[in-house]
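Participant: In terms of full-length UniProt numbering, the sequence shown opens at residue 1 and continues consecutively. Don't be surprised by glycine CBs; every beta carbon is placed ideally from N, CA and C. Since we're looking at a predicted model, the values are computed, not measured.
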Amino acid sequence: MYSTTVSRETTIWQYTHGVPGGSAVSPDGYSLDDYYMNLNRPGAHEIQLDLFRDYRNNVALYPEFQAYFRTHRPPFLAVWGKNDPFFLPAGAHAFKRDLPQAVVRFLDTGHFALETHAEEIAAAITEFLD
């Protein structure tokens, strides 16, 4: 079974959607992902589709994560692409319901924020840990 979910075009879209001037994204990341997702080996597409479909199991665990956050109050930093089509800003804001002290930062980028904002993310992590 083939799906556009594992097509080269979709992979490139995942990396570039929401990135102002999408050409700022190096082709290295999406080319490597495309290579592994589209190997001419039996079952490669199905493996990738199974991973995508399995995400619903993560969502089912959210109440456990949230309870842990409320009970243990760990330091928490979320750096988020404000234009991410998969993990919307509301998801980042939701952390503050259970962790009012959480640090939530948004960058003007899409899903793969490290592709375009590695220096800013590294600085945010360093500042958070200091």
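1) Look at Phe76 and Val59 and say whether their C-beta atoms are less than 8 Å apart.
2) Which residues mark the beginning and the end of the alpha helix (DSSP H) in which Val59 is found?
3) Touch check for the segment 92-110 and the segment 27-47: three-plus C-beta pairs under 8 Å?
4) Roughly how many whole angstroms lie between the Cα atoms of Asp130 and Arg56?
5) Tell me whether Gln101 is buried or exposed, calling it buried when 16 or more other Cβ atoms sit within 10 Å of its Cβ.
6) Leaving aside the five residues before and after Asn119 along the sequence, list all residues of the same chain whose C-beta is less than 6 Å from its C-beta, in chain order.
Facilitator: This is what the structure gives:
1) no
2) Tyr55 to Ala60
3) No: the two stretches stay apart, fewer than three of their Cβ pairs being nearer than 8 Å.
4) 35 Å
5) Counting the other CB atoms within 10 Å of its CB gives Gln101 a total below 16, which places it among the exposed residues.
6) Per the sequence shown, residue 119 should be read as Glu rather than Asn. Correct list: empty, nothing qualifies.
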